[in-house]
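S.K.:
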Amino acid sequence: MNIKPLIAIALGYFVVSCAPSKIVAPLEQGNWQAGATLGRPEINEGSLPVLGIYAAKGVANNRTIYGGMGLSSSLFGAMQLEGGVVKGLVAPKGWMPGYSISYGANAFMSARNGDFRLYPDAGANMYWKKGPHIAHLSANTWVDPTWFLTRYGQGQILAPSLGAGYRFRYKWLEVQAEYKLVNPSRELMVPQADVPGIAGLGGRGFYYGLALNF
Amino acid sequence: MAAAAMLTSCQDIGGALFFAGDGTYEFTNANLDTGYLVDESKIHRFETYSDSDTIQGVFVGDFAQIQNDTVIVYLHGNGPSMDNFWSSVGVLANVGSQHRYGVIMYDYRGYGKSTGTTVDAASMQADYDAVLEWLVDRGLTSDRMVVFANSLGSLPAGPAAAGNSPIAIEKLVMETPQSSADAILQDATGLSLPSSMITGYDFDLGANMADYPGALLWMHGTEDDVAPIVNARAAMSEHQGSHYVEAVYEGAGHGLRWDISTEEWIRVLHEFMLHE
Chain R
1 MNIKPLIAIA
11 LGYFVVSCAP
21 SKIVAPLEQG
31 NWQAGATLGR
41 PEINEGSLPV
51 LGIYAAKGVA
61 NNRTIYGGMG
71 LSSSLFGAMQ
81 LEGGVVKGLV
91 APKGWMPGYS
101 ISYGANAFMS
111 ARNGDFRLYP
121 DAGANMYWKK
131 GPHIAHLSAN
141 TWVDPTWFLT
151 RYGQGQILAP
161 SLGAGYRFRY
171 KWLEVQAEYK
181 LVNPSRELMV
191 PQADVPGIAG
201 LGGRGFYYGL
211 ALNF
Chain C
1 MAAAAMLTSC
11 QDIGGALFFA
21 GDGTYEFTNA
31 NLDTGYLVDE
41 SKIHRFETYS
51 DSDTIQGVFV
61 GDFAQIQNDT
71 VIVYLHGNGP
81 SMDNFWSSVG
91 VLANVGSQHR
101 YGVIMYDYRG
111 YGKSTGTTVD
121 AASMQADYDA
131 VLEWLVDRGL
141 TSDRMVVFAN
151 SLGSLPAGPA
161 AAGNSPIAIE
171 KLVMETPQSS
181 ADAILQDATG
191 LSLPSSMITG
201 YDFDLGANMA
211 DYPGALLWMH
221 GTEDDVAPIV
231 NARAAMSEHQ
241 GSHYVEAVYE
251 GAGHGLRWDI
261 STEEWIRVLH
271 EFMLHE
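Sequence order for the protein chains is R and C. The letter at position 122 of the first sequence is residue 122 when you use this note's numbering, and the numbering goes up by one with no holes. The letter at position 52 of the second sequence is residue 52 when you use this note's numbering, and the numbering goes up by one with no holes.
1. How would you list, in chain order, the residues of chain C whose beta-carbon sits under 9 Å from the beta-carbon of residue 159 of chain R?
2. Looking at C-alpha atoms only, which residue of C:130, C:261, C:219 and C:260 is the closest neighbour of residue 160 of chain C?
3. Does the beta-carbon of residue 205 of chain C have 16 or more other beta-carbons within 10 angstroms, so that it is buried, or is it exposed?
4. Using a C-beta to C-beta distance shorter than 8 Å, which residues of chain C count as neighbours of residue 64 of chain R?
5. Considering just the uninterrupted stretch of the beta strand (DSSP E) at residue 231 of chain C, what are its terminal residues?
6. In this structure, how does DSSP classify residue 222 of chain C when only helix, strand and coil are distinguished?
7. Along the region 217-251 of chain C, what residues have a CB closer than 8 Å to any CB found in chain R?
8. If we define contact as Cβ-Cβ less than 8 Å, is residue 182 of chain C a contact residue for chain R?
9. Against residue 191 of chain R, what residues of chain C qualify as contacts under a CB-to-CB distance less than 7 Å, listed in chain order?
10. Measuring alpha carbon to alpha carbon, tell me which residue in C:102, C:119, C:82 and C:128 is nearest residue 112 of chain C.
11. Let me know the secondary structure DSSP gives residue 20 of chain C once reduced to three states.
12. Am I right that residue 260 of chain C and residue 244 of chain C are in contact with their C-beta atoms under 8 Å? What's the rounded C-beta distance?
13. Pick helix, strand or coil for residue 37 of chain R, following the three-state DSSP scheme.
14. Pairs of beta-carbons, one from the region 173-189 of chain C and one from the region 183-196 of chain R, closer than 8 Å: are there three or more?
15. With a cut-off of 8 Å on the beta carbons, I'd call residue 240 of chain C and residue 138 of chain C a contact; round off their distance for me.
16. Could you check if residue 96 of chain R is buried or exposed, using at least 16 other CB atoms within 10 Å of its CB as the buried criterion?
17. So is residue 152 of chain R buried or exposed if we call it buried at 16+ other beta carbons inside 10 Å?
18. I think residue 183 of chain C touches residue 156 of chain R, with their Cβ atoms under 8 Å apart; what is that distance to the nearest whole Å?
19. Short of 8 Å Cβ to Cβ, which residues in the region 106-138 of chain R face chain C?
20. Count the other CB atoms within 10 Å of the CB of residue 48 of chain C; is the residue buried (16 or more) or exposed (fewer)?
21. To the nearest angstrom, report how far apart residue 106 of chain C and residue 188 of chain R are at their CA atoms.
22. Beta-carbon within less than 7 Å of residue 242 of chain C's beta-carbon, same chain only, minus the 5 sequence neighbours each way: which residues are those?
23. For the alpha helix (DSSP H) that residue 165 of chain C lies in, which residues bound it at each end?
24. Sorted by chain position, which residues of the same chain lie with C-beta nearer than 7 Å to residue 50 of chain C's C-beta, five sequence neighbours on each side aside?
25. Go through its chain and collect everything with a Cβ distance to residue 105 of chain R's Cβ below 8 Å, but skip five positions before and after it.
26. State the CB to CB distance for the pair residue 220 of chain C and residue 262 of chain C, rounded to an integer number of angstroms; the pair is presumed to be in contact (CB under 8 Å).
27. Does the beta-carbon distance from residue 135 of chain C to residue 104 of chain C come in below 8 Å?
28. By the DSSP assignment, the beta strand (DSSP E) with residue 84 of chain R in it spans what residues?
29. Check this for me: beta carbons of residue 21 of chain R and residue 203 of chain R, under 8 Å apart or not?
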């Protein structure tokens, strides 16, 4: 059964529905950040464009809230929204890393029939900040509270991801790059397409972001 | 939901499931495997009508014998046209002995020279119904029909087996079938997302099999990366009908006949067909 590239692309958008890390190091209180993300998850021997937009605000010195929307999924009839909080636990000092945690949720709604899914998520970041340079290691997991609704019982409660990235935050500009391993706890399958992962599990790819600070 | 509709363009990928293309329809022995040739005088092209579209088909056998013979209705897979499946029809025409059974195959709309575009369950059902009505007009009855669904062909075969067939199906062969639209998306995401997030084509062969009272032969390879065996097994296991045969082959892929040998493919099929 051959499948046109479009279906692989469309399914690929969802393969990496775990979005890139929006905020790793909390913003200063009162600061805003608005940006766009471009994911390049690998599929077959290429990668796919996964587009999203987001906005974030530092509501306290160690707490930032954010909200975002997936644009690629909306092309195919699903509204994908996300929102959450990033909380700084320990500020970085010299070569000692800082730590932050995040929690939030991701919502999908079908424009066809109103089908709705909500996936809470939680994560932790370890980051180094030196001037405008921010490097980070991140771990995150989505929680699937409706795993039992999967057909043929193929669901799982947790959908973890791991990432390593770099951000250049300077005055009004932030540039982001991150490499992520998505859902390495199970095999992701797209008909007639290869989803490269780790030892046959999960997906992987680069995520990029460009944001304005104000 | 209104907000979702405003924010989404709702492009449906249902149509992208279908790999329709051109066909030349060179149905001759030159394009059949040695050992599975047919009497070329028994090759008949025909056309029928599905909604406003013309459906092209090929029948191998004698038209006059449709009211007496057993006919295998071959629902082909997702190749551009019937051309890609002509060799399988040649083999089917030699099951038991040459021309022991009639064999019919058709192109879904948009495939080969059939007009229109296959987009969803409704169009596939209409095309199937049109061909079955053509057979009804020539005297085929339920007890002499075997439906053989290859891969994509399982999509129209499922609802037909579940009771939506002009001739009730009593014997059904599912070769490397898909499972459900939901399962495809969920396998790709690892999440419980329903297929309505990307398509309106919500097929579910498991539900169809649960409603199918007749006999079922399921043929699959363990290394099928197009129709994963785990989901196909789950779908086929919902069958509670009169007779069930499972033919699973270790190491075989989606091109099952080529992987297991034509002889084995025929053996399993014919044994099933002869089962009372």
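Glycine included, C-beta positions come from ideal geometry on N, C-alpha and C. For clarity, every value in this text was computed on a predicted model and none was experimentally measured.
M.R.: According to the structure shown:
1. Ordered by position in chain C, the residues that pass the 9 Å Cβ test against residue 159 of chain R are 189, 190 and 191.
2. C:130
3. buried
4. Ordered by position in chain C, no residue passes the 8 Å Cβ test against residue 64 of chain R, which lies about 25 Å from the chain.
5. Element bounds for residue 231 of chain C: not the beta strand (DSSP E) but the alpha helix (DSSP H), 229-236.
6. Of the three classes helix, strand and coil, the one that applies to residue 222 of chain C here is coil, per DSSP.
7. Listed in sequence order: 225, 226, 227, 228, 230, 231, 234 and 235.
8. Interface criterion met: the Cβ of residue 182 of chain C is under 8 Å from a Cβ in chain R.
9. 184 and 226
10. C:82
11. Coil.
12. Contact flag wrong, Cβ pair sits at about 19 Å.
13. strand
14. yes
15. The Cβ separation is near 32 Å, so there is no contact.
16. Exposed: under 16 other Cβ atoms inside 10 Å.
17. buried
18. Not quite, the Cβ-Cβ distance comes to about 14 Å (not below 8 Å), so this is no contact.
19. 108, 109, 110, 111, 112, 113, 114, 115, 117 and 119
20. buried
21. 34 Å
22. 213, 214 and 215
23. Element bounds for residue 165 of chain C: n/a, residue is neither H nor E.
24. 109, 126, 127 and 130
25. 82, 83, 84, 118, 119, 120 and 121
26. In fact, because the Cβ distance is near 17 Å, the residues do not count as touching under 8 Å.
27. yes
28. 78-90
29. no
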